[in-house]
Amino acid sequence: MSAEHGAHVSAARGARALRRPTSWPARDPYLLILTVVLPLGGVVLVASARIPAVLGESSLLERVTVQQMVFAVAGVVLALGLSAVDYHRYARIALPALAAAWVSLIGVLFVADATDLFAARRWFRIGDLTVQPSEFAKIAMIMALAALAQKYGGAVHSWRVSILRLGGVMVLTVLPILLEPDLGTAITVGVVGFVMIFAAGARLHHLLIWPAVLVPAAMLSIMRNAYQRERLFTFLSGDPDLARTGYQAAQAQIAMGSGGVTGRGLGLGTQKFLLPIPDSDAIFAVLGEEFGLVGTGTVLVLFLALFVRGIQIAAASPDVFGRLLAVGIVTQLAFQAFVNMAVVTGLVPVTGITLPFISRGGSSLLASLVMMGILLNVARHADLRRKA
Amino acid sequence: MKSVRGLLGSRNKRAADVDAGEPPDPSRRLILMLLGGVGAAGALGWRLFDWHVNQAAALAARGSSALLTRSEINPRRGNIVDRSGDVLAISRSAVRVVADPSELHHDADPFEVADRLAELLGVDAAVIAERLGNPTSRYAEIQREVIGEPADAVAAAIEDGQLPGVRLDPDRMRTYPNRELAAHVLGFVGENTSRPGDVVGQAGIEAWYDDILGGQPGIVSSDIDRLGRRIPIGRYAHQPPQHGSHVTLTIDRTIQHIAEQELDAAIDEFSAASGTILITNPKTGEVLGLANRPAYDPGRMHEYRTFGPEFSNRASGLIFEPGSTFKLITMAAGLDTGAVRPETTHDLPGIMTYYGQEFKNWDERTHPEQTMVSVLQHSSNTGAIFVADTIGADRFYSYLDAFGFGSRTGIDLAGEVSGIVRRRGDPMWFLPDLAANSFGQGISVTPVQLATAVGAIANDGVMMRPRVARAVTHPDGRHETIEPQSIRRVLSTETARTLVQMMEAAESAVTGNLARIPGYRTAGKTGTAEIPSGGKLLEDTAIASYVGFGPIEHPHVLVLVIIERPQTAFFGAQVASPTYARVMSRVATYMKIPPRERRDLNAART
Chain G
826 MSAEHGAHVS AARGARALRR PTSWPARDPY LLILTVVLPL GGVVLVASAR
876 IPAVLGESSL LERVTVQQMV FAVAGVVLAL GLSAVDYHRY ARIALPALAA
926 AWVSLIGVLF VADATDLFAA RRWFRIGDLT VQPSEFAKIA MIMALAALAQ
976 KYGGAVHSWR VSILRLGGVM VLTVLPILLE PDLGTAITVG VVGFVMIFAA
1026 GARLHHLLIW PAVLVPAAML SIMRNAYQRE RLFTFLSGDP DLARTGYQAA
1076 QAQIAMGSGG VTGRGLGLGT QKFLLPIPDS DAIFAVLGEE FGLVGTGTVL
1126 VLFLALFVRG IQIAAASPDV FGRLLAVGIV TQLAFQAFVN MAVVTGLVPV
1176 TGITLPFISR GGSSLLASLV MMGILLNVAR HADLRRKA
Chain A
-14 MKSVRGLLGS RNKRAADVDA GEPPDPSRRL ILMLLGGVGA AGALGWRLFD
36 WHVNQAAALA ARGSSALLTR SEINPRRGNI VDRSGDVLAI SRSAVRVVAD
86 PSELHHDADP FEVADRLAEL LGVDAAVIAE RLGNPTSRYA EIQREVIGEP
136 ADAVAAAIED GQLPGVRLDP DRMRTYPNRE LAAHVLGFVG ENTSRPGDVV
186 GQAGIEAWYD DILGGQPGIV SSDIDRLGRR IPIGRYAHQP PQHGSHVTLT
236 IDRTIQHIAE QELDAAIDEF SAASGTILIT NPKTGEVLGL ANRPAYDPGR
286 MHEYRTFGPE FSNRASGLIF EPGSTFKLIT MAAGLDTGAV RPETTHDLPG
336 IMTYYGQEFK NWDERTHPEQ TMVSVLQHSS NTGAIFVADT IGADRFYSYL
386 DAFGFGSRTG IDLAGEVSGI VRRRGDPMWF LPDLAANSFG QGISVTPVQL
436 ATAVGAIAND GVMMRPRVAR AVTHPDGRHE TIEPQSIRRV LSTETARTLV
486 QMMEAAESAV TGNLARIPGY RTAGKTGTAE IPSGGKLLED TAIASYVGFG
536 PIEHPHVLVL VIIERPQTAF FGAQVASPTY ARVMSRVATY MKIPPRERRD
586 LNAART
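In structure tokens, the structure reads:
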């Protein structure tokens, strides 16, 4: 199939195709490097951040680290595999996938174990595994928005398309996530949808409608939730030393400072013993302590590079579907990374959101790498020599 | 403004786009997104630089102080052994049963756990349940100093998972295998408030040598996590504890036992309230035995609700009026100053008036033309007044000072008191007081002071500092001997020897003297402190005493017997002398002091 499509592209683009070999798996070396480096680096950091678990029952080579390793390798292989799958195929499955995502998002509200931490209903528990439908829903929404934008083309200027159809898809994805409640993910997904509709060319005043609805809804959600409210007020008070919620922010800040420019060295950070979830939400702080500014700066630059490259791919992609897929995917990954790093560095209030590729967590890692696989394929079709 | 509008797509252009049915040029919006991304990254980068570089030192310092904790490891307290190495006090490893109530309340029914613990420890379940009561607390002490079978049983139950949240912490307990024996010498220990699990000496040797016995705590400083567990890659410094040294006493367990047995017997026989027996070696100042009644068991301190009289070390911590035994001191001063000689004679009136105050002999009998030996023999108060008057008040009191009355002897037991001596020139001193003091009234001394002063007579005039410790053995094996220490020479050798001969002669002349010990030559003096009240003696407040030493060829055992408030007899000669004789004779046998002549011994028996 790949070969057939490759032939089609070279026929359409003529001589230029000759300079762009179609060898499997991917053609974009920058994106390829990011696909491999970020998850594998993440495994190393998770292993380090899991050291406190040694004090409990786990052994040094403990289950979570091994799981993360397996997921990372499997995820990278999956991404490379997906990079050979023509992204146009997703246009056909986009709407059924979105429907399935909705069903699972609504389902989780009724099925999930309500005795969970914070009583949030975010996961399906299947034996030992937990599956987060919102991870799947992110991808489905990106595909659906891209497919709809492709279908309606220039009609995106019409409010029927931009507000009802595209906006409707976004809102119907965000609302159930907000109800779980998972404010962090809801904001991320909402922002991704918003940016995609923006990139699709919707009129600016159409763009303002849904935020006008969603932002109050989010505020209401915050106020209804004691811990989220507390987080917000802690942030607004500007005092990171506040006992409970401020504790995490203060410990993260100490971790960063202790790391200095070059860090204490891998595994040698001590703040992870004090940080509440060092292997997940606060892994950036562990990175900061053990690798210093060099480490955090590198990760920041890598995510910025991913974002820039994604936008370049979007600009160079041959159709609206590819362009919006690329925009949605890099916005999803980069914005989530930004929020996570901003939380750790105290720029925004604490929201429980993971650092893509790096934080512990199998389904989140797989979702990120699936998106990278799709993006790699969009990159194959893009004419990256064209000026963005 | 124009350029931004251009980027977003102008109104006009947008209208055209709609009409044309074509999407706007997407590049502009993508560039705007790029700018947004770069801006966000810039904000993050600025923050990272600020924290990693600008604030690094301050933040790192904050982290250091928050993490590092310091804890102390308790040292092992040294043993106390008697002069031949028999253990009198020892620290044993025990366990302390403690619990994390919050964990317990989370995992189990606290009342069930309390019942189980009560069964294992033999304690009231309600008390344990109360200690476990607070579900938010993280630490509760259930029982200290658990040892042996109950400790094993609790350990097994914890292993079994029957007692969630309960654990055993190391503990030490101070045990006194001989119970009450030498209780006032040993003293006792109490919880060290600044270091849980450790004890601090609060009386006797335990208090006096607390630094030596207690050692120095070890220090562990380490980084800990939120649950108090040590962070393996954190800072860690460990300084092992310096264990306490062992103290060897001058006390001999057997002599101590003799003293306590005979004291009990005397108190029982005369229905006395309390008493003290002090056995010393006047040549070295060593205390061989020190018994007080009432006494306590230092190993069961938790059972005492109040600090009653049983905790007083009467030998050094309480004062009494010495009475006639004090005539030895008066006589020693008289001989040493040359005021009197043994053969000096004087009338001893039954009743006399001295500076307006009336004084009597104990039997109110007059003895004309008596030698100084007779003064001791009859224990004549008027004779003692004659001696003191001849010496003169100034010289008399300077001898009292030299004998150490009115100041501490420096014995190595906590809580020594100095006694009360009012000298000429003191506000409450009047001329008749000299007369009263000369026979041991109107003056307060401790038994240890009296034994030390009389010891100077036995030791050729040199007074030795009393002490109960003779050596310290450090944990590294170093052995430090505490050498005998003389306080001062009080009398000339000649005076001392003369007085000893006079004492022996006087005691020998007493018919039916109960203080006599067959086969041994000893010197001594009875005492009956009479507390006058409205001219009448209150018999139930008398203090009967005897102080003596022997053998007089080489006096190295001194015995002081004090029986307070005897009910069935009254005079020192009746109450204290027989006890003195039994103690002295048993100690002489135990110490293998050869009798003077076997023939004499046989003669004495017939």
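So the sequences go chain by chain: G and A.
Under my numbering, the residues of the first sequence are numbered 826 to 1213, in order.
Under my numbering, the residues of the second sequence are numbered -14 to 591, in order.
Positions of the beta carbon are idealized from the N, C-alpha and C atoms, including for glycine.
Beta strand (DSSP E) segment containing MET448/A, residue limits: The count along the second sequence starts at 1 and reaches residue 448/A at position 463. Segment 447 to 449, the beta strand (DSSP E) holding MET448/A.
Rounded C-alpha distance that separates PRO846/G from ARG1049/G: As a working note, residue 846/G is residue 21 in the first sequence. As a working note, residue 1049/G is residue 224 in the first sequence. With a pLDDT of 44 at PRO846/G, under the threshold of 50, the modelled position of that residue is not reliable, and the figure given next carries that caveat. Their backbone Cα atoms lie some 56 Å apart in a straight line.
Chain-order list of residues whose beta-carbon lies under 6 Å from that of SER364/A (same chain, five-residue window excluded): The residue labelled residue 364/A in the question sits at position 379 within the second sequence. Around SER364/A: SER309.
CB contact below 8 Å: ALA1215/G versus chain A: The question about residue 1215/G has no answer, for chain G in this structure spans 826 to 1213.
Coarse secondary structure for HIS1031/G, derived from DSSP in three states: Position 206 of the first sequence, counted from the start, is the residue given in the question as residue 1031/G. It is helical.
heavy atom of the ligand GTP below 7 Å from ALA250/A C-beta: This structure lacks the ligand GTP; in fact it carries no ligand of any kind.
Beta-carbon contacts of LEU1004/G that lie in its chain and below 7 Å, excluding the five residues immediately before and after: Here residue 1004/G refers to the residue found at position 179 when the first sequence is read from its first residue. Result list for LEU1004/G: LEU934, in chain order.
C-alpha distance - PHE1146/G paired with THR1095/G, whole-angstrom precision: Your numbering for residue 1146/G matches position 321 in the first sequence. Your numbering for residue 1095/G matches position 270 in the first sequence. Rounded to the nearest angstrom, the two C-alpha atoms are 47 Å apart.
Residue(s) in a DSSP beta bridge with LEU53/A: Taking the first residue of the second sequence as position 1, residue 53/A is located at position 68. LEU53/A is bridged to ASP208/A.
Residues bridged to ILE262/A [DSSP beta-bridge criterion]: Taking the second sequence and counting its residues from 1, one reaches residue 262/A at position 277. DSSP output for ILE262/A lists ALA276/A and VAL546/A as bridge partner(s).
ALA188/A versus ALA140/A - alpha carbon distance: In the second sequence, the residue the question calls residue 188/A occupies position 203. In the second sequence, the residue the question calls residue 140/A occupies position 155. Rounded to the nearest angstrom, the two C-alpha atoms are 34 Å apart.
Delimiting residues of the alpha helix (DSSP H) encompassing LEU1201/G: Residue 1201/G sits at position 376 when you count from the first residue of the first sequence. Element bounds for LEU1201/G: 1187 to 1206.
For PHE534/A, the three-state DSSP class (helix, strand or coil): Along the second sequence, one-based indexing puts residue 534/A at 549. When secondary structure is reduced to three states using DSSP, PHE534/A falls in the strand class.
Rounded distance between the beta-carbons of ILE75/A and THR160/A, thought under 8 Å: Translated into positions along the second sequence, residue 160/A becomes position 175. Translated into positions along the second sequence, residue 75/A becomes position 90. Confirmed, about 6 Å.
Three-state secondary structure (DSSP) of THR322/A: Position 337 of the second sequence, counted from the start, is the residue given in the question as residue 322/A. Residue state, collapsed to three classes: helix.
Any alpha helix (DSSP H) of 4 or more consecutive residues that is wholly inside the stretch 391 to 467 of chain A: Segments of the alpha helix (DSSP H) lying fully in the stretch 391 to 467 of chain A: 416 to 423 and 432 to 443.
HIS91/A, DSSP secondary structure in three states: As a first step, residue 91/A must be located in the second sequence, where it is residue number 106. Of the three classes helix, strand and coil, the one that applies to HIS91/A here is helix, per DSSP.
Straight-line gap, ALA51/A to PHE1116/G (C-alpha atoms, nearest Å): Against the second sequence, residue 51/A aligns to sequence position 66. Against the first sequence, residue 1116/G aligns to sequence position 291. Cα-Cα distance, rounded: 21 Å.
Span separating the alpha-carbon of ILE218/A from that of LEU212/A: Within the second sequence, residue 218/A is the residue found at index 233, counting from 1. Within the second sequence, residue 212/A is the residue found at index 227, counting from 1. Using only the alpha carbons, I get a separation of about 16 Å.
Straight-line Cα distance separating ALA529/A from LEU320/A: Here residue 320/A corresponds to residue number 335 of the second sequence, with the count starting at 1. Here residue 529/A corresponds to residue number 544 of the second sequence, with the count starting at 1. Between LEU320/A and ALA529/A, the C-alpha separation is close to 26 Å.
8 Å contact criterion, which LEU1201/G and ALA904/G should meet: CB distance rounded: As a working note, residue 1201/G is residue 376 in the first sequence. As a working note, residue 904/G is residue 79 in the first sequence. Contact flag correct, Cβ pair sits at about 7 Å.
MET894/G to SER1184/G span [Cα, whole Å]: One-based indexing of the first sequence puts residue 894/G at position 69. One-based indexing of the first sequence puts residue 1184/G at position 359. When rounded, the distance between both Cα atoms is 12 Å.
Residue-chain proximity (GLY1082/G, chain A), Cβ-Cβ < 8 Å: In the first sequence, the residue the question calls residue 1082/G occupies position 257. Using a CB distance cut-off of 8 Å, GLY1082/G counts as an interface residue toward chain A.
For ASN366/A, the nearest candidate out of ALA103/A, ALA514/A, VAL151/A and ASP156/A (CA to CA): For the purposes of this step, residue 366/A is taken as the residue at position 381 of the second sequence. Nearest option by C-alpha distance: ALA514/A.
Beta strand (DSSP E) runs wholly inside the stretch 916 to 1000 of chain G, at least 3 long, in chain order: 949 to 951 and 954 to 956
Beta-carbon gap between ILE446/A and ALA481/A smaller than 8 Å: Sequence index remark: in the second sequence, residue 446/A carries index 461 (1-based). Sequence index remark: in the second sequence, residue 481/A carries index 496 (1-based). Here residue 446/A is Gly; the residue named in the question, Ile, does not match the sequence. It is a contact, given that the beta carbons lie within the stated cut-off.
CA-to-CA distance, GLY978/G to ASP4/A, given in whole angstroms: The sequence position of residue 4/A within the second sequence is 19, counting from 1. The sequence position of residue 978/G within the first sequence is 153, counting from 1. Any reading at ASP4/A needs caution, since the residue's pLDDT is 40, under 50, leaving its predicted position unreliable; the model's value is listed next. One C-alpha to the other measures close to 13 Å.
Backbone CA spacing between LEU313/A and GLY200/A [nearest angstrom]: Stepping through the second sequence from its first residue, residue 313/A is reached at position 328. Stepping through the second sequence from its first residue, residue 200/A is reached at position 215. Distance between the alpha carbons of LEU313/A and GLY200/A: 44 Å.
Counterpart residues of THR233/A in DSSP-defined beta bridges: By one-based count along the second sequence, residue 233/A stands at place 248. In the DSSP output, where bridge partners are listed per residue, THR233/A has VAL66/A and ALA456/A.
Other residues of its chain near HIS90/A: CB distance less than 6 Å, five sequence neighbours each side excluded: Sequence index remark: in the second sequence, residue 90/A carries index 105 (1-based). Excluding positions up to five away in sequence, the list reads PRO120.
Beta bridge counterpart(s) of ALA74/A as assigned by DSSP: In the second sequence, residue 74/A corresponds to position 89, counting from 1. According to DSSP, which records beta bridges pairwise, ALA74/A is partnered with ILE65/A.
C-beta neighbour in chain G for GLN246/A, strict 8 Å: Taking the second sequence and counting its residues from 1, the one referred to as residue 246/A is at position 261. No, because no Cβ of chain G sits closer than 8 Å to the Cβ of GLN246/A.
C-beta neighbour in chain A for ILE1199/G, strict 8 Å: Numbered from 1 along the first sequence, position 374 holds the residue referred to as residue 1199/G. Taking Cβ atoms only, chain A never reaches closer than 8 Å to ILE1199/G, which makes this a no.
Alpha-carbon spacing of ALA125/A relative to GLY1120/G, whole angstroms: For the purposes of this step, residue 125/A is identified with residue 140 of the second sequence, where counting begins at 1. For the purposes of this step, residue 1120/G is identified with residue 295 of the first sequence, where counting begins at 1. Approximately 45 Å, taken between the alpha carbons.
Limits of the unbroken beta strand (DSSP E) element including GLY512/A: For the purposes of this step, residue 512/A is taken as the residue at position 527 of the second sequence. Taken as a continuous stretch (DSSP letters only), the beta strand (DSSP E) holding GLY512/A covers 508 to 514.
Presumed contact (8 Å Cβ cut-off) between HIS37/A and GLY866/G, rounded CB distance: Position 52 of the second sequence, counted from the start, is the residue given in the question as residue 37/A. Position 41 of the first sequence, counted from the start, is the residue given in the question as residue 866/G. Not confirmed; about 18 Å, so no contact.
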